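Numbering-wise, my numbering puts 93 at position 87 of the sequence shown, and it's gapless, one number per residue.
Virtual Cβ for every residue (Gly too), placed ideally from N, Cα, C.
Remember, predicted model here, so these are calculated numbers, not experimental data.
Below is one structure; the comments refer to it alone.
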Amino acid sequence: MCGRYVASRDPEGLAEEFEVDETAGDGPGEDPAAAQPNYNVAPTAAVPVVLERHEPAVRWLRLLTWGLVPSWSRDRGSGGRMINARAESLLDRPAYRRPALARRCLVPADGWYEWQRLGAGTAGAARRGRAKQPFHIHPVDGAPIAFAGIYEFWRDPELPKDDPGSWLTTFAILTVPAEQGLAAVHDRMPLVLPRDRWAAWLDPAQRDPDAVLALTGPPPPGRFVAVPVSSRVNSVANNDPELLRPIPTPGSAPASVDPVTGEILGGPDTPLF
Numbered sequence: 007m008c009g010r011y012v013a014s015r016d017p018e019g020l021a022e023e024f025e026v027d028e029t030a031g032d033g034p035g036e037d038p039a040a041a042q043p044n045y046n047v048a049p050t051a052a053v054p055v056v057l058e059r060h061e062p063a064v065r066w067l068r069l070l071t072w073g074l075v076p077s078w079s080r081d082r083g084s085g086g087r088m089i090n091a092r093a094e095s096l097l098d099r100p101a102y103r104r105p106a107l108a109r110r111c112l113v114p115a116d117g118w119y120e121w122q123r124l125g126a127g128t129a130g131a132a133r134r135g136r137a138k139q140p141f142h143i144h145p146v147d148g149a150p151i152a153f154a155g156i157y158e159f160w161r162d163p164e165l166p167k168d169d170p171g172s173w174l175t176t177f178a179i180l181t182v183p184a185e186q187g188l189a190a191v192h193d194r195m196p197l198v199l200p201r202d203r204w205a206a207w208l209d210p211a212q213r214d215p216d217a218v219l220a221l222t223g224p225p226p227p228g229r230f231v232a233v234p235v236s237s238r239v240n241s242v243a244n245n246d247p248e249l250l251r252p253i254p255t256p257g258s259a260p261a262s263v264d265p266v267t268g269e270i271l272g273g274p275d276t277p278l279f
């Protein structure tokens, strides 16, 4: 799954990187101008998202709320439980199928966090309880990335129809089986779309189920590294660049694992995976 991620880039830089046409005005979600760097994005946060609307298509950068609320939901409470959508079964659930075929988006990010259970399958695991080590997973080259997402509109039935605050635009992040190397941390990862799939994924005119599913195929592996970081990231109250600082793992010096072959490489200043 993907339950926390990093989105530290400013709206102006994102608009240029993702070739955005509009950011302000009467569009989905909220104006991203006031968005601040977020080193610990958690569900229910309003974060920059790229999407296309209208004919001809206009590419927007807007603030959407993380956690998909289906249009038919009675309240927004379901959003906290629908932060991820499995790519393999994307079209099987009505709540995901409708937006997957009509409302797809890109979620700009710098990387994401995942937690590895310590001592899983060993006697030590019982002594340590459910202890987990957080990892920051990010591109080897440090470039911005885009998670595949889907979004939906929801109107609060408790508010008047003409109330601007009655509409909420929410999104979920697609996940896929983790690639070799990263699977040692967690068995799932967000679907990180290569740049050459961005336009096709955003295209609101593309509603063919087979074509949409084809875009969720696994990208080339070996693009990411995973480094252990402080447990400060466990609390959403902590949100600063220090969360990204690598730390040694308990009882051993940092080592690295080739993300393609799984070969242990070692080294005092290299990532674990």
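Where do the ends of the beta strand (DSSP E) carrying residue i lie?
i, result
"residue 182", "173 to 183"
"residue 195", "194 to 196"
"residue 117", "117 to 123"
"residue 13", "10 to 13"
Could you round the C-beta distance between residue i and residue j to whole angstroms and report it? I think they count as a contact, below 8 Å.
i, j, result
"residue 239", "residue 15", "No, residue 239 and residue 15 are not in contact; Cβ-Cβ is about 19 Å, not under 8 Å."
"residue 96", "residue 221", "So it is not a contact: roughly 10 Å between Cβ atoms."
"residue 110", "residue 208", "6 Å"
"residue 181", "residue 157", "Wrong, their Cβ atoms sit about 16 Å apart, outside the cutoff."
Does residue i come out as helix, strand or coil in the three-state DSSP assignment?
i, result
"residue 203", "helix"
"residue 164", "coil"
"residue 189", "helix"
"residue 87", "helix"
"residue 92", "strand"
"residue 112", "strand"
"residue 80", "coil"
"residue 209", "coil"
First and last residue of the alpha helix (DSSP H) that includes residue i?
i, result
"residue 108", "100 to 108"
In whole angstroms, give me the CA-to-CA distance for residue i and residue j.
i, j, result
"residue 177", "residue 92", "13 Å"
"residue 19", "residue 43", "12 Å"
"residue 234", "residue 117", "13 Å"
"residue 183", "residue 195", "6 Å"
"residue 62", "residue 27", "12 Å"
"residue 34", "residue 114", "17 Å"
"residue 89", "residue 67", "20 Å"
"residue 3", "residue 48", "The structure shown has nothing for residue 3, since the chain only spans 7 to 279."
"residue 212", "residue 236", "42 Å"
Could you check whether the Cβ of residue i sits closer than 8 Å to any heavy atom belonging to the ligand MN?
i, result
"residue 169", "Among the ligands in the structure shown, none appear at all, so the ligand MN cannot be discussed."
>> Give the list of continuous alpha helix (DSSP H) stretches no shorter than 4 residues that lie fully inside the stretch 215 to 252.
In response: 215 to 220
> What are the uninterrupted segments assigned as beta strand (DSSP E) that are 3 or more residues long and contained completely in the stretch 18 to 77, given in chain order?
Replying inline: 44 to 47, 52 to 59, 64 to 72
> At what residue ranges does the stretch 137 to 164 contain a whole run of the beta strand (DSSP E), taking only runs of 3 or more?
Replying inline: Within the stretch 137 to 164, the runs of beta strand (DSSP E) at least 3 residues long that lie entirely inside it are, in chain order, 138 to 145, 151 to 161.
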